[in-house]
Each structure stands twice: as C-alpha cells, then as structure tokens.
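Student: Here the sequence shown is numbered in my numbering, starting from 2 and rising by one per residue.
Quick one: this structure, given as structure tokens, is what I'll be asking you about.
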Amino acid sequence: MDIHVTARKIRIHTAVKEYAIANVIKFEHLFDHLQRCDIIFSKDGKLNDTKVVEIILHINGHFFTAKESSDDYHKSIDTASEKVEHQLVTYKSKLGTRKRLSPKRKEKK
Numbered sequence: 002m003d004i005h006v007t008a009r010k011i012r013i014h015t016a017v018k019e020y021a022i023a024n025v026i027k028f029e030h031l032f033d034h035l036q037r038c039d040i041i042f043s044k045d046g047k048l049n050d051t052k053v054v055e056i057i058l059h060i061n062g063h064f065f066t067a068k069e070s071s072d073d074y075h076k077s078i079d080t081a082s083e084k085v086e087h088q089l090v091t092y093k094s095k096l097g098t099r100k101r102l103s104p105k106r107k108e109k110k
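Laid out in structure tokens, this is it:
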C-alpha cells in the first residue's frame, strides 16, 4: 500500500506522521487490496487552533474518506481512523453477503 502524507500550509512533526502511518497500516489486516492511502493535515479557523486530519483510502475503485477536526492531531487521527475502519468493515460485510446465481442456475429456475 502506498501511503502519502500531505501537510497543507503547515509543518508536521515526524512523530505525528509516524503515528498517523501506524494507524493506517492496521487497515491492512481488514482488507487485502488496499492500493493507496492519503493522509492530509491542515489547520482550520482564523487562529489556526483547530487541527484537521483527512484520511482517504483507495480500494479497487472505491474511495473511503473520513475528515475529523479537534484541538489535537492525535485525537483527530484516532477519530478519523475509527471512521474509516467502520466504513471498511461495512464494505467488507457487504461483499461477503452478496449471493448471486450464475447464469446457468438462473436458466434452470
């Protein structure tokens, strides 16, 4: 999986980057075909006191996005990764519950 970390008009400490990457890597145990992950850091507000983290996962043509803002990057990373994890779990359960008949079986009925 390719992981791209972007900071918009700010500088991010390497410890925060590593923390975000460690949180994103755990998604690989949920889904095997992760292609790319974008982690975007930014600040919001006039005083730049709100830290915003956006996580975008690319999987087989599907995009899973979570955007979270709080007063700390660690909180934002945790909450956004929980949101993406929930989206992955629901997507994976939908894939497993699809039951389709092959064209040959449809003709027999």
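Backbone N, C-alpha and C fix where the C-beta goes; we use that ideal spot for every residue, glycine too.
What residue ranges within the segment 26-64 form continuous alpha helix (DSSP H) runs of no fewer than 4 residues, ordered along the chain?
Tutor: Qualifying alpha helix (DSSP H) stretches: none in this window.
Student: Measuring only the C-alpha atoms, how far is Lys10 from Leu31?
Tutor: Their Cα atoms are separated by approximately 33 Å.
Student: Report the CB separation of Val25 from Ile57 in whole angstroms; it is logged as a contact under 8 Å.
Tutor: About 10 Å separates the two Cβ atoms, so there is no contact after all.
Student: Around the Cβ of Ala23, are there at least 16 other Cβ atoms within 10 angstroms (buried) or fewer (exposed)?
Tutor: Burial call: exposed.
Student: Spatial neighbours of Thr51 within its chain, please: CB distance less than 6 Å, with the 5 preceding and 5 following residues excluded, ordered by chain position.
Tutor: So the qualifying residues of the chain are Asp45 and Ser70.
Student: Roughly how many angstroms lie between the CA atoms of Leu35 and Asp72, to the nearest whole one?
Tutor: Rounded to whole angstroms, Leu35 to Asp72 spans 30 Å at the Cα level.
Student: Tell me whether Ile4 sits in a helix, a strand or coil according to DSSP, three-state version.
Tutor: Of the three classes helix, strand and coil, the one that applies to Ile4 here is strand, per DSSP.
Student: Determine the direct distance from the alpha carbon of Val53 to that of Ser43, and round the result to whole angstroms.
Tutor: Going by the C-alpha atoms only, they are around 5 Å apart.
Student: Are the CB atoms of Glu55 and Lys68 nearer to each other than 8 Å?
Tutor: Yes, they are a contact pair.
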